[in-house]
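Worksheet: the structure to be examined is printed underneath.
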Amino acid sequence: MAFLGVTEEHELAKTSVIENFLRILAAHCTLQQGGLILHSAGLVFDGQAYIFSGRSNAGKTTLTRKAYRYGARVLSDDINLLLPGKEGYKAHAVPFTGEFGRTLEHSGGQDSYPVAGIILLRQGEKLAVQSVTTADAVAGLLAGCPFVNTDTVESDRLFDAVISLVTALPVIRLVCTRDDDIEDIMAAVTTGLTQQTHPYPLP
Amino acid sequence: MKNKHIQLSSQVRYRAVGEEGVLVHLENGRVIVVNEVGLFIIGQLDVPRTQNELARAISREFEVTEEQAASDLELYLAELAREQVLEQAA
Numbered sequence: 640m641a642f643l644g645v646t647e648e649h650e651l652a653k654t655s656v657i658e659n660f661l662r663i664l665a666a667h668c669t670l671q672q673g674g675l676i677l678h679s680a681g682l683v684f685d686g687q688a689y690i691f692s693g694r695s696n697a698g699k700t701t702l703t704r705k706a707y708r709y710g711a712r713v714l715s716d717d718i719n720l721l722l723p724g725k726e727g728y729k730a731h732a733v734p735f736t737g738e739f740g741r742t743l744e745h746s747g748g749q750d751s752y753p754v755a756g757i758i759l760l761r762q763g764e765k766l767a768v769q770s771v772t773t774a775d776a777v778a779g780l781l782a783g784c785p786f787v788n789t790d791t792v793e794s795d796r797l798f799d800a801v802i803s804l805v806t807a808l809p810v811i812r813l814v815c816t817r818d819d820d821i822e823d824i825m826a827a828v829t830t831g832l833t834q835q836t837h838p839y840p841l842p
Numbered sequence: 877m878k879n880k881h882i883q884l885s886s887q888v889r890y891r892a893v894g895e896e897g898v899l900v901h902l903e904n905g906r907v908i909v910v911n912e913v914g915l916f917i918i919g920q921l922d923v924p925r926t927q928n929e930l931a932r933a934i935s936r937e938f939e940v941t942e943e944q945a946a947s948d949l950e951l952y953l954a955e956l957a958r959e960q961v962l963e964q965a966a
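Listed in order, the protein sequences are those of chains R and B.
Just so we're aligned: the first sequence equals residues 640 to 842 in the working numbering.
Just so we're aligned: the second sequence equals residues 877 to 966 in the working numbering.
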């Protein structure tokens with residue numbers, strides 16, 4: 640059961656209040672299904688979702704704009720929903736976006752896409768893909784799980800979900816500048832993910 | 877100070893991931909990765925311990941002298957304290 644509480648009744652009319660409530664609710668419901676709501680940009684290339692996870696100002700919206708111009712479908716530039724299934728993890732479209740917004744509904748996209756990999760996004764001086772340890776991957780994703788990563792009750796479930804995700808999908812770190820070309824970025828990402836094709840062993 | 881009992885903060889959760897450990901601070905969402913020795917120390921701090929007890933345990937586990945363990949431990953605990961990972965036991 641979920642409750643929405645406001646200090647002033649007129650706040651209920653604000654869409655931002657309702658949306659924030661739904662974001663929190665979605666994060667908890669997703670976790671109960673073994674999935675994650677991840678602070679990330681979800682970009683679809685060739686029918687596969689690339690999930691770029693990063694904190695605010697890591698460059699998610701900038702990357703999203705470049706990818707959109709390059710022909711990618713955008714699931715969201717802010718929040719993406721990942722769920723495990725029989726055929727692996729899929730990224731599902733959700734109505735939660737940042738500055739960019741979602742283009743999926745008017746570009747003929749599917750409800751969900753298989754996830755090619757997780758990319759921990761970081762701004763730096765030069766485009767580079769780095770491998771990460773299992774613990775670094777888990778830490779990076781935990782930090783990107785809003786609402787539930789500060790919840791005492793959900794802590795065990797969150798650890799389980801993140802470790803399952805890291806065990807099933809390749810995770811790399813992408814360092815890039817705001818000026819890097821999207822073609823160069825995606826070439827580096829696809830190469831990096833391919834080299835990381837063997838997911839992490841179970842901890 | 878070294879005989880005071882310290883323990884992991886009630887606001888911290890952790891999990892072993894391979895040989896390393898990942899800690900989450902539930903108040904601020906901050907996530908920390910610790911190495912094998914760090915994970916051992918964190919595990920020890922599930923229950924209240926003194927620094928001397930910890931140094932002895934590290935010495936036994938990692939085959940270093942107790943003096944060396946105590947010296948390194950002091951610095952490491954200060955770092956953990958800065959991250960608000962520790963609390964004084966009641």
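By construction, the Cβ of each residue, glycine as well, lies at the ideal position given by its N, Cα and C atoms.
For the options R/Leu797, R/Gln769, R/Ile690, the alpha carbon positioned closest to that of R/His667 is the one of R/Leu797. Look at R/Asn719 here: in three-state DSSP terms it is strand. Here R/His649 carries a helix assignment [DSSP, helix/strand/coil].
Residue environment: R/Ser770 is assigned as exposed (fewer than 16 neighbouring CB atoms within 10 Å of its CB, all protein chains considered). The C-alpha of R/Val787 is placed about 18 Å away from the C-alpha of R/Gly644. DSSP places B/His881 outside both helix and strand once states are collapsed to three, so it counts as coil. DSSP, reduced to helix, strand and coil, places B/Arg925 within a strand of the structure shown.
For B/Val907, a Cβ of chain R is located within less than 8 Å of the residue's own Cβ. Just measuring C-alpha positions, the residue of R/Asp750, R/Ala665, R/Asp820 sitting nearest R/Ala688 is R/Asp750. At a cut-off of 8 Å between beta-carbon atoms, B/Gly919 makes no contact with chain R. Here B/Gly897 is near B/Ile918, since their CB atoms are less than 8 Å apart. When DSSP reads this structure, R/Lys729 sits in a beta bridge with R/Leu722, R/Pro753. For R/Arg812, the closest alpha carbon among the candidates R/Thr830, R/Asp818, R/Asp820, R/Ile802 is that of R/Thr830. Classified as exposed, B/Glu943 has fewer than 16 neighbouring CB atoms from the shown chains inside 10 Å of its CB. For secondary structure counted as the alpha helix (DSSP H) over 4 or more consecutive residues, the segment 749-818 of chain R holds these complete runs in sequence order: 773-782, 794-807. Proximity to B/Lys878 across B/Gly894, B/Glu912, B/Arg932, B/Asn904 peaks at B/Arg932, based on C-alpha coordinates.
For R/Asp717, no Cβ of chain B is located within less than 8 Å of the residue's own Cβ. In the three-state scheme derived from DSSP, where H, G and I count as helix and E and B as strand, B/Glu937 is classed as helix.
8 Å or more divides the Cβ of R/Ile802 from the Cβ of R/Ile690. For R/Asn696, no CB of chain B lies under 8 Å from its own CB, so it is not counted at the interface with that chain.
Nearest CB-CB separation between R/Phe691 and chain B: not below the 8 Å threshold. In the DSSP secondary-structure assignment, R/His667 is not bridged to any residue. Interface criterion met: the Cβ of B/Gly894 is under 8 Å from a Cβ in chain R.
Look at R/Asn659: its C-beta is not under 8 Å from any C-beta on chain B.
Around R/His678, the same chain offers Gly783, Pro785 as residues with beta carbons nearer than 6 Å, after the five sequence neighbours per side are excluded. Selection R/Ala680, R/His731, R/Pro753 evaluated against R/Ser715 yields R/Ala680 as nearest (Cα-Cα).
Chain-ordered, the chain R residues with CB closer than 9 Å to the CB of B/Leu902 read Asn788, Thr789, Asp790, Thr791, Ser794. Looking at the DSSP output, R/Arg712 shares a beta bridge with R/Val683. Cβ contact annotation for R/Thr701 (same chain, cutoff 7 Å, sequence separation greater than five): Arg817, in chain order.
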